[in-house]
Amino acid sequence: MGNADQSFRYPVADKLFKENNLIFKQPLEKALTKLTRNDLNFIYDLGTITDGEAIAIAFSVLDETIERFSTKEGVTNAYKIFAQILVFDFNEKKVITNFPVLVQNEMFTNGVPSAEYDFNILKSMYLKVDSDASIFKEWVKRLDTVNILNAGTIHLKLRDVVLDEAVKKQIPLSLSQNQLLRIRSAQKLEYHISSKQNVPILPFTLGQIGNFKSGLIARFSDSLEYNLTLPDADYVIDLLVREFKNASVDRGKFEVKIYAAFITMQVLEPLTKTVYLDSKFNFKNELIFPKSENLDILNEWDVYQRSQDALFSKLARQISQRDSDAMKEITNTGDIKNQFTKFEGVINKCK
Numbered sequence: 004m005g006n007a008d009q010s011f012r013y014p015v016a017d018k019l020f021k022e023n024n025l026i027f028k029q030p031l032e033k034a035l036t037k038l039t040r041n042d043l044n045f046i047y048d049l050g051t052i053t054d055g056e057a058i059a060i061a062f063s064v065l066d067e068t069i070e071r072f073s074t075k076e077g078v079t080n081a082y083k084i085f086a087q088i089l090v091f092d093f094n095e096k097k098v099i100t101n102f103p104v105l106v107q108n109e110m111f112t113n114g115v116p117s118a119e120y121d122f123n124i125l126k127s128m129y130l131k132v133d134s135d136a137s138i139f140k141e142w143v144k145r146l147d148t149v150n151i152l153n154a155g156t157i158h159l160k161l162r163d164v165v166l167d168e169a170v171k172k173q174i175p176l177s178l179s180q181n182q183l184l185r186i187r188s189a190q191k192l193e194y195h196i197s198s199k200q201n202v203p204i205l206p207f208t209l210g211q212i213g214n215f216k217s218g219l220i221a222r223f224s225d226s227l228e229y230n231l232t233l234p235d236a237d238y239v240i241d242l243l244v245r246e247f248k249n250a251s252v253d254r255g256k257f258e259v260k261i262y263a264a265f266i267t268m269q270v271l272e273p274l275t276k277t278v279y280l281d282s283k284f285n286f287k288n289e290l291i292f293p294k295s296e297n298l299d300i301l302n303e304w305d306v307y308q309r310s311q312d313a314l315f316s317k318l319a320r321q322i323s324q325r326d327s328d329a330m331k332e333i334t335n336t337g338d339i340k341n342q343f344t345k346f347e348g349v350i351n352k353c354k
């Protein structure tokens, strides 16, 4: 399952599916044999709307990305696949919950690899279930730990992602087209908060068969179709992506390249307008290397996005850890410990 009008985000999965629409059935079923929980009973036959009560669990692919870094020794290639566990209630005809999933595979090559090489690496991440870089293996690991059958009725959602004007002026066309930077920023933040706090988050974008903004179309073998909508969010996160910045520092035999990501994040209750968190955050990613290595940043936006990813990871951890030094690394907000405490309270209500 994936956005029908967003297939440019996962070209490998799209191509494999078009060539054989059952190609992912075997690796998914093989991965599910490793599921250790015994409270789920999977039925692989086609469903009908007359079958009665039914909870559906869907694998949804969101994105495929490649990030590269070059030195005189060669190129480090980071391949990532973003997916999600989507859970639906057919009686209420709505999405119950969502848990993001991410897998990464780093490969070192002498030079920038060919498109065919990239394709085959990502293909293997879908089809080779025994690999630690298998997206289906990681999906099942996540499924083993999440609360599905007793999911709460209080929902958290990333409501909006806004790019400030400075960002709109600096981003390349590849990230401005189709709102790609907004979408990728959303899915990374969703992933880190969900995985590090073990909380479901209603998706900013839905994978699907239909209108991903309003919900999903459920198709049954008796030819009936029902629109599965999203429940209303009780608490929302609003994200402002601010200008990315970089600088170089000369330290004798070493050079330091600094790539910084900046955001503002709010957590609030829409009904009462109560604000639980409102703070600026930033992270400065320092790349320190000997000048003799001749480090070459092939695409600075790969590094910017990694810096943003690291910021989201650190932020998500501090919601519950609230370590003074770690919090100072990402924000200057004076009462951030109190704000994180309030945010954790919201998260606990949504589990």
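So for the sequence shown, our numbering puts the first residue at 4; every next one is plus one.
Built from N, CA and C at the ideal position, the CB exists for glycine as well.
is_contact[residue i, chain D] using C-beta, thresh 7 Å
i	result
Ser-10	Within the model displayed, chain D is absent; a lone protein chain is all it includes.
Endpoints, alpha helix (DSSP H) assigned at residue i
i	result
Lys-172	168 to 173
Val-349	339 to 353
Leu-184	183 to 200
Ala-329	327 to 333
Classification of residue i by the beta-carbon crowding that lies within 10 angstroms, buried from 16 upward
i	result
Ala-16	buried
Ser-117	exposed
Ala-250	exposed
Asp-281	exposed
Val-252	exposed
Glu-289	exposed
Lys-40	Lys is not the amino acid found at residue 40; the sequence shown has Arg there. Exposed: under 16 other Cβ atoms inside 10 Å.
Thr-334	buried
Ala-34	buried
Phe-45	exposed
Asn-6	Bear in mind that a pLDDT of 49 at Asn-6, under 50, signals an unreliable position, so the number given afterwards is only what the model happens to contain. Looking at its Cβ environment, which holds 16 or more other Cβ atoms inside 10 Å, Asn-6 is buried.
Ser-177	exposed
Asp-66	buried
Lys-18	exposed
Ser-197	buried
Gln-324	exposed
Lys-191	buried
Lys-171	exposed
Tyr-357	There is simply no residue 357 to check, as the chain begins at 4 and stops at 354 in what is shown.
Thr-100	buried
Arg-254	exposed
Spatial distance of residue i from residue j (CA atoms)
i	j	result
Val-349	Gln-269	13 Å
Asn-113	Ile-124	16 Å
Lys-256	Phe-292	9 Å
Ile-339	Phe-247	22 Å
Pro-14	Ala-136	18 Å
Asp-235	Lys-97	10 Å
Phe-91	Asp-312	29 Å
Met-110	Glu-70	11 Å
Phe-122	Gly-337	47 Å
Val-132	Phe-20	17 Å
Ala-81	Thr-275	43 Å
Ser-10	Ile-266	28 Å
His-158	Leu-205	7 Å
Ala-264	Phe-286	6 Å
Gln-321	Phe-343	7 Å
Lys-140	Glu-347	29 Å
Leu-49	Glu-296	Note that Leu-49 scores a pLDDT of 49, beneath 50, so its modelled location is shaky; the value from the coordinates is reported in the next line. If I take the Cα positions, the gap works out to 57 Å.
Ser-134	Pro-30	11 Å
Met-330	Leu-318	8 Å
Lys-160	Lys-75	44 Å
Cys-353	Gly-77	46 Å
Thr-36	Pro-273	42 Å
Ala-59	Leu-146	13 Å
Glu-22	Val-64	17 Å
Leu-301	Ser-73	7 Å
Val-149	Glu-193	15 Å
Leu-89	Phe-62	7 Å
Val-278	Met-128	41 Å
Asn-351	Lys-294	48 Å
Tyr-307	Ala-86	22 Å
Leu-233	Phe-315	25 Å
Asp-305	Asn-94	43 Å
Gln-180	Gln-173	13 Å
For residue i: DSSP bridge partner residues
i	result
Arg-245	Phe-265
Ala-250	Ile-261
Leu-176	Answer is none; Leu-176 lacks a bridge partner.
Glu-272	Thr-277
Asp-235	Paired residue(s): none; Asp-235 is not in a bridge.
Val-149	DSSP, once it has assigned bridges, lists no residue as partnering Val-149.
Ile-204	Answer is none; Ile-204 lacks a bridge partner.
Val-165	Leu-243
Lys-356	Because residue 356 is not part of the residues shown, which for the chain are 4 to 354, the question remains open.
Q. Curious, which full-length alpha helix (DSSP H) runs of at least 4 residues does the stretch 22 to 95 contain?
A. If we require 4 residues or more, the alpha helix (DSSP H) runs fully inside the stretch 22 to 95 come out as 28 to 35.
Q. Where are the alpha helix (DSSP H) runs, 4 residues long or more, that stay fully inside the stretch 277 to 324, in chain order?
A. Those alpha helix (DSSP H) runs which fall completely within the stretch 277 to 324 and span 4+ residues are 303 to 324.
Q: Entirely within the stretch 89 to 147 and at least 3 residues each: give me those beta strand (DSSP E) ranges in chain order.
A: Runs of the beta strand (DSSP E) lying entirely within the stretch 89 to 147, each at least 3 residues long, are 97 to 112 in chain order.
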